[in-house]
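Report on one structure; see the data block that follows.
Residue numbers (the working numbering): 676 to 826.
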């Protein structure tokens, strides 16, 4: 029996490498998204702290300067939150693009693996046909082999 050699094996190996790269890119995008989300939550917590401090200080007697500083700080935090939300939205778009790229790479690889399976099945069928042909020839040879006459 001869050895099976897939004609697109090099391409399949490249598809595996591409898939691995796309999975790594997706993983990095997920990490960046998660990190950005954590940063946004941190900013929201900071904003809540500022608002709580502001409410507490309004109940006490404070100077106008202190009140203005709290409002300015709160405005800056709100601006930072908006920036973080914008960055998060961009990362979500990148995450979706890398997810689509990764899925495409997986589909490409699976397509070549299916082709390999079908080629292997054809190879096995061909080998079986060759084997059957050899067996038939052996049987025919034995059956039609001239008999020796004793003398």
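For every residue, glycine included, the Cβ atom is placed at its ideal position computed from N, Cα and C.
Owing to the predicted nature of the structure, the values given are computational and were not obtained by experimental measurement.
Considering only residues of the same chain and omitting the five flanking positions on each side of residue i, which have a CB-CB separation below 8 Å?
i, result
"residue 816", "none"
"residue 766", "704, 707, 708 and 711"
"residue 775", "none"
"residue 728", "745"
"residue 827", "Past the boundaries of the shown model lies residue 827; the chain is included only from 676 to 826, so the question cannot be answered."
In whole angstroms, what is the alpha-carbon distance linking residue i and residue j?
i, j, result
"residue 724", "residue 747", "14 Å"
"residue 783", "residue 701", "17 Å"
"residue 768", "residue 762", "10 Å"
"residue 732", "residue 738", "10 Å"
"residue 879", "residue 713", "A query on residue 879 cannot be resolved here, the shown segment of the chain reaching from 676 to 826 and no further."
"residue 743", "residue 730", "13 Å"
"residue 805", "residue 813", "12 Å"
"residue 681", "residue 791", "6 Å"
"residue 754", "residue 760", "10 Å"
"residue 690", "residue 780", "7 Å"
Residue i by DSSP, collapsed to three states: which one?
i, result
"residue 725", "helix"
"residue 677", "coil"
"residue 717", "helix"
"residue 694", "helix"
"residue 683", "coil"
For the alpha helix (DSSP H) holding residue i, just list the boundary residues, first then last.
i, result
"residue 779", "739 to 819"
Sorted by chain position, which residues of the same chain lie with C-beta nearer than 7 Å to residue i's C-beta, five sequence neighbours on each side aside?
i, result
"residue 679", "795 and 798"
"residue 686", "787"
Tell me which same chain residues have a C-beta within less than 6 Å of the C-beta of residue i, skipping the five on either side of it?
i, result
"residue 721", "752"
"residue 800", "none"
"residue 773", "700, 701 and 704"
Report yes if the C-beta of residue i is less than 7 Å from at least one heavy atom of the ligand SAH; otherwise report no.
i, result
"residue 779", "Within the structure as shown, the ligand SAH is missing, as the structure has no ligands at all."
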